[in-house]
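A.B. asks:
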Amino acid sequence: MIFESHAHYDDEAFDEDRDTLLKSFSQNGIDVVINVGASLDSCQITIDLMQQYPFIYGAMGVHPSETGELDERGFNWLRESCNIDKVVAVGEIGLDYHYKEPDSEVQKKWFEKQLEMAREVKLPVIIHSRDAAKDTLDIMKNLHAQDMGGVIHCYSYTKEVAREYLNMDYYFGIGGVVTFANAKKLKEAVEFIPMDKILLETDSPYLAPEPYRGRRNSSLNLPYIAETIADLKGISYEEVLEITHRNAEMLFHINI
Ligand code: NI
47 MIFESHAHYD
57 DEAFDEDRDT
67 LLKSFSQNGI
77 DVVINVGASL
87 DSCQITIDLM
97 QQYPFIYGAM
107 GVHPSETGEL
117 DERGFNWLRE
127 SCNIDKVVAV
137 GEIGLDYHYK
147 EPDSEVQKKW
157 FEKQLEMARE
167 VKLPVIIHSR
177 DAAKDTLDIM
187 KNLHAQDMGG
197 VIHCYSYTKE
207 VAREYLNMDY
217 YFGIGGVVTF
227 ANAKKLKEAV
237 EFIPMDKILL
247 ETDSPYLAPE
257 PYRGRRNSSL
267 NLPYIAETIA
277 DLKGISYEEV
287 LEITHRNAEM
297 LFHINI
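Here's what the structure looks like:
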């Protein structure tokens, strides 16, 4: 069975066929999905989805690019939402300097506050970090993020940076990018990261793997990612599914 550790089925890209798509997962071997919040609205829809579908679990958090919407009131609502049944993580939170909106000071402030929130509510974190390797690591070290544990989602840095996260005992979310022919640096990192620290993810509707690059992504494409990891690691496809499933169960405290 396949554990999808990161998707956004609240996204409007799924408005037309969401229910049909989600209901097709079990017959395609997908038995758990973590729907990851990225804004206050998407956290609310995540709550609705988890209540409607037994196999969907949720993460509550505001993506760095959306932190401009946060204030004390929104933050308090977010913290309350972490206590809802089937919420298994705080995320996605972090830093994104690719688009410099909002400015880095605002992003850092809410990253720190959401990391502290994760400590308070005793949940692991799902980290989004793009073009911000140093600041992300500095903040995580300062706030002892190894205590909460978590995953670096859509891992895209080098194996040297991976070593730093391994020292904090973090997991690595590997998605569609690993199937791209030009993803040399990431393939090297995946060869380096121990198999018991890898999670499968799609980030749907974004980042579809080959041969569907550029199209709407869904968890049905996870086998392409698992195949690529199996090749890089020299193990079987089935082993990749089994190990990543077990890893995700451990991190998110879900027993299937
Ligand atoms: Ni995401």
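Under our numbering, the first residue of the sequence shown is numbered 47, with each subsequent residue one higher. C-beta: ideal position from N, C-alpha, C; glycine also. All figures in this text were calculated on a predicted structure; none of them were measured in a lab.
1. If you run the structure through DSSP and keep just helix, strand and coil, what is H291?
2. Less than 7 angstroms between the CB of D249 and some heavy atom of the ligand NI, yes or no?
3. Which whole runs of the beta strand (DSSP E) in the segment 71-101 are 3 residues long or more, in chain order?
4. Quick check: the segment 265-278 against the segment 220-233, are at least 3 beta-carbon pairs closer than 8 angstroms?
5. Hey, would you say the C-beta of V82 is under 7 angstroms away from at least one heavy atom of the ligand NI?
6. For the beta strand (DSSP E) containing E50, name the first residue and the last one.
7. For the ligand NI, any of its heavy atoms closer than 7 angstroms to the Cβ of H54?
8. May I ask which residues mark the beginning and end of the alpha helix (DSSP H) holding F218?
9. Leaving out five residues before and five after L68 in sequence, what residues of the same chain have Cβ atoms less than 7 angstroms from its Cβ?
10. Provide the residue span of the alpha helix (DSSP H) that contains G120, from first to last.
11. With DSSP collapsed to three states, give me the class of A105.
12. Let me know the secondary structure DSSP gives V183 once reduced to three states.
13. Please state if the CB of L86 and the CB of E115 are separated by a distance shorter than 8 angstroms.
14. Check the C-beta distance from A135 over to F298 and give it rounded, since I have them as a contact under 8 angstroms.
15. Spatial neighbours of D177 within its chain, please: C-beta separation below 6 angstroms, excluding the five flanking residues on both sides.
16. Are three or more beta carbon pairs between the segment 78-96 and the segment 125-135 nearer than 8 angstroms?
17. Just tell me which of S282, R165, E158 and H109 has its CA closest to the CA of C128.
18. Among V152, Y211 and M163, whose alpha-carbon lies nearest the alpha-carbon of V197?
19. Could you tell me how far apart the beta carbons of V79 and A105 are, in whole angstroms, since I believe they sit closer than 8 angstroms?
20. Check the DSSP bridge columns for R176 and list the partner residues they point to.
21. So who's on the other strand from I244, going by DSSP bridges?
C.D. replies: Concretely, from the data shown:
1. helix
2. yes
3. 76-82
4. yes
5. yes
6. First-last of the beta strand (DSSP E) with E50: I48 to A53.
7. yes
8. Counting along the chain, F218 falls outside any alpha helix (DSSP H), though it belongs to the beta strand (DSSP E) covering Y217 to I220.
9. Y55 and Y99
10. E118 to S127
11. strand
12. The question names Val, yet the displayed sequence has Leu at residue 183. Reduced to three states, the DSSP call for L183 is helix.
13. yes
14. 6 angstroms
15. Y143 and H144
16. yes
17. R165
18. Y211
19. Not confirmed; about 11 angstroms, so no contact.
20. D142
21. F218
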